[in-house]
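Following: one structure in structure tokens, then a few remarks.
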Amino acid sequence: MLDRVASRLAVAALRLPRARTRRITVRRDIALRVRDGVILRTDHYAPDLPDAPTMLIRTPYGRGGPMRLLCRLAAEQGFHVVIQSCRGTDGSGGTFDPFVHEREDGLDTLDWLRRQRWWCGAFGMFGASYQGFVQWALAADAGEELRAMVAVATASTTRDSTYAGESFALDTVLTWVELLQAQTVPWLARQWELKRGQPRLAAALSHLPLVEADRVATGVTVPFFQEWLRHHTPQADYWRSRVFDDRLHLVRAPVAMVSGWHDIFLPAQLRDYAALRALGARPRLIIGPWTHGSPGLFVAALREGLDWLGTHLTTAGTGRAAVPAAGADRSAAGEPADGPVRIHVGGVGGGWRDLPDWPPPAQATRWYLHPQSALRTAAPVPSPPDGFWYDPADPTPSLGGPLLVAQRSGPVDNRPVEARPDVLTWTSESLTGPLEVIGPVQADIHVRSDLEHFDVFVRLCDVDRRGRSWNICDGLVRIDPRRFPVDGSGAVAVTVPMWPVAHRFAAGHRLRLQLSGGAHPRYVRNPGTGEPLGTAITLRGGFREILHDPERPSAVVLPVVHSGSQLVPS
């Protein structure tokens, strides 16, 4: 009874299409046996409708709570919803080892679906984050029965996101480790830990060596965390069987991608989009003003997912769409309903836009670093470098940006971190008119360092009329002397790929480029010694110089979109 009431309230609040049926039969804790004998616990939400297609969700995050409501809502829209706990989670047997068993377990689950009397021969997949990784693990081998995918805040490979810039995404990985382990403790104990502000996790993020951090955070040693610390080099064979981007050409199902500008997997997801487009596919892409775990992302994914699956999953033998299109509901919510690419442009006067493709046509415009902390489009002039001291014992903190925890991520006023002596900034004059920047961003930085091993962190901010500095996008690169040669002046030329962006800088605002030696604990601090990632304990500080003269022109490259482009306001 409570489930029915919750679903009615959710349909109204989320402006979902009207339910096709309220008569849902639920079977819980089905024992689905896979090829090695492991039992995977599975729930089935069956609508009282003939020839209904199937929505498959495989997850390590449990089948209760919000997932229970999502499954009921989807079943009421006309899907057999099958939700399964990945091995080693929420009652399923075996041991959870990220990415290792998802292809085989997915194929065995599909084989089980084919043997059910309600199976109509068509299914789609839905899910966010890890629930999306398991989709890519199965998609290339699922055959023609897979009619559609909805991949939310996810990508076909996590290797590059885990070691962004060849550093290590410490906050994301360790927070995820703690989250997974927390599912095994009593509910009251978990609430008490959250109320205390997760002191064990906070201590672990600052702990050295990193090989002990999982035990500090959770009380146990987590095998996959230890392996990720050991197998961190680009050449590591460990990841070859744990990534699925090399099989995208085998995926035939239409794919809808939903993400946010401050999502931790956005660069990797856009690489998937580009790869599918190069193969001739026409994926749907939606990027909104969301972070990885924000409620807005969940709502948009649910709306888009039901619409996409309803369009592509047709009932067997009739060709009738399973779910009515939800375009009208999105229009009523102030979002564009059509177009292969839909993005939200941030800033004053932005909003939702429809695009024919990503990225849109733009002019790559260099904003150069100048003396007196100035940021200008004019060519650089002869000038001495600017410098700062970076001390890994007192690492430059991260503030906002793409993080796993929604409450700490996204745009944040950066003035506290910009006031530190280990952070340099360059700021433009006030803009005389609006400036729209949409597309990929990179910084080309020339840096000279006391140490051979160091990090370069670059962040673009929007400084409003009140002087608040809001982070828009950023990126980090770890410098290893084997990969970055030093020029005759002792400087290293570093290209820093930054998060893609869609932002409108308003008239009267200023652009600001931030530069520092790290962003801890989002990225693990660079000890400056070249010691291995997991066992490093010695911390060595050093001086950095940022060069910005005509011979070494440091700059940020922005994709400026002019008013004559094909961007169409919704």
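In short: position in the sequence shown from 1, add 6, done, that's our numbering. Yeah, the Cβ is synthetic: ideal placement off N, Cα and C, and Gly gets one too.
A residue is called buried once 16 or more other Cβ atoms fall within 10 Å of its Cβ, and S212, having fewer, is exposed. Assigned with DSSP and collapsed to three states, F490 falls in coil, not helix or strand. Every beta strand (DSSP E) of 3 residues or more that sits fully in the stretch 140–172 is shown, in chain order, as 152–158. Of the candidates I485, W432, L457, F460, the residue whose Cα lies closest to the Cα of S475 is W432. Taking 7 Å as the cut-off, the beta carbon of I349 is found no closer than this to the beta carbon of I270. For Q137, the secondary structure class from DSSP, reduced to helix, strand or coil, is helix.
Between G524 and R518, the gap from beta carbon to beta carbon reaches 7 Å or more. Shown here for T227: same chain residues with a beta carbon closer than 8 Å to its own, the five before and five after excluded, namely D220, R221 in chain order.
For F304, the secondary structure class from DSSP, reduced to helix, strand or coil, is helix. For P390, same chain residues with a beta-carbon under 7 Å away, outside a window of 5 residues either side, do not exist. With at least 16 other beta carbons inside 10 angstroms of its own, V567 counts as buried. The three-state secondary structure of E424, taken from DSSP, is helix. Residue burial annotation: W296 is buried, with at least 16 other C-beta atoms found within 10 angstroms of its C-beta. In this model, A188 and C92 are separated by some 16 Å (Cα to Cα). Take the alpha-carbon of A561 and the one of Q369: they are about 15 Å apart.
Burial check for P506: the Cβ neighbour count within 10 Å reaches 16 or more, so the residue is buried. A straight-line Cα-Cα distance of about 19 Å links P398 and T178. For D450, the uninterrupted beta strand (DSSP E) run begins and ends at 441–455, by DSSP. Across the structure, D96 and G534 are spaced so that their CA atoms are roughly 41 Å apart. Rounded to the nearest whole angstrom, the CA to CA distance from A154 to H86 is 15 Å. Secondary structure of S404 (DSSP, three-state): coil.
The C-beta distance from P556 to P388 rounds to 7 Å, short enough to fall under 8 Å. The stretch 463–471 makes no contact with the stretch 409–416; the number of CB pairs closer than 8 Å stays below 3. Judged by their CB atoms, P66 and Y136 are nearer to each other than the 7 Å cut-off.
For D103, DSSP records no beta bridge to any residue.
The beta carbons of V264 and A306 sit closer together than 7 Å. Only residues of its own chain outside the window of five on either side were considered, and among them M61, V87 have a CB closer than 6 Å to the CB of A80, listed in chain order. For P56, the closest alpha carbon among the candidates R120, P229, R26, V492 is that of R26. If you check the CB distance, W364 and L457 do not come in under 7 Å.
The stretch 484–495 makes no contact with the stretch 424–444; the number of CB pairs closer than 8 Å stays below 3. The DSSP assignment places no complete beta strand (DSSP E) segment of no fewer than 3 residues inside the stretch 175–241.
W267 has its alpha-carbon roughly 13 Å from the corresponding atom of G357. Taking 7 Å as the cut-off, the beta carbon of G127 is found no closer than this to the beta carbon of L319.
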